[in-house]
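First the structure, in the form of structure tokens, and then the observations on it.
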Amino acid sequence: MKFLNNLYHIVSKDVVDASIRYNIHLDASHFIYQAHFPDEPITPGVCIIQIAKELLEEHLGIGLEIQKVKNVKFLNVISPLATPNVTYVFEKIMPDDSEKTYKVMTQVSSGETSLAKLSFTCK
686 MKFLNNLYHI
696 VSKDVVDASI
706 RYNIHLDASH
716 FIYQAHFPDE
726 PITPGVCIIQ
736 IAKELLEEHL
746 GIGLEIQKVK
756 NVKFLNVISP
766 LATPNVTYVF
776 EKIMPDDSEK
786 TYKVMTQVSS
796 GETSLAKLSF
806 TCK
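So in the working numbering the end of the sequence shown lands on 808, straight run, no missing numbers.
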């Protein structure tokens, strides 16, 4: 299931030097939030990772599969009610042409608050 234009939509994209910044808006009415959790919705960790992969696909213009999640730190809860606007910053996208993979380091934040840090490999 794709979450783009469903669970979230892209508000803006900025490319500055080697980093890519996506500002997204979470849809609090999405059915995932009805189950996770009613009256106090939070974004599941797997959705936070999936959103990062989808944004990478959008940037590169290709379909990808996550091969390995190296490191994930969930630092604060992402609630579509309290923090509906979230920023994903891709600090590093390292292609490995021989293996046709991309190693990625991403930070997720809302304003000055760090929400998550992700390191994963896609193919």
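Just so it is clear, CB atoms sit at the ideal spot from N, CA and C, and this is done for glycine as well.
Residue j beta carbon less than 8 Å from that of residue i
i	j	result
Ile733	Leu692	no
Gln752	Lys808	yes
Phe775	Ala801	no
Residue environment, residue i, which counts as buried when at least 16 other CB atoms sit within 10 Å
i	result
Glu739	buried
Leu711	buried
Leu803	buried
Gln719	exposed
Ile763	buried
Leu741	buried
Those residues which DSSP pairs with residue i across a bridge
i	result
Ile747	None, per the DSSP bridge assignment.
Ala801	Phe759, Val793
From the options, residue whose alpha carbon lies closest to that of residue i
i	options	result
Val731	Leu766, Glu743, Asn756	Asn756
Gln735	Phe722, Glu725, His721, Val754	Val754
Glu750	Pro729, Lys785, Val793, Ile695	Lys785
Ser795	Lys777, Ile709, Thr772, Ala801	Thr772
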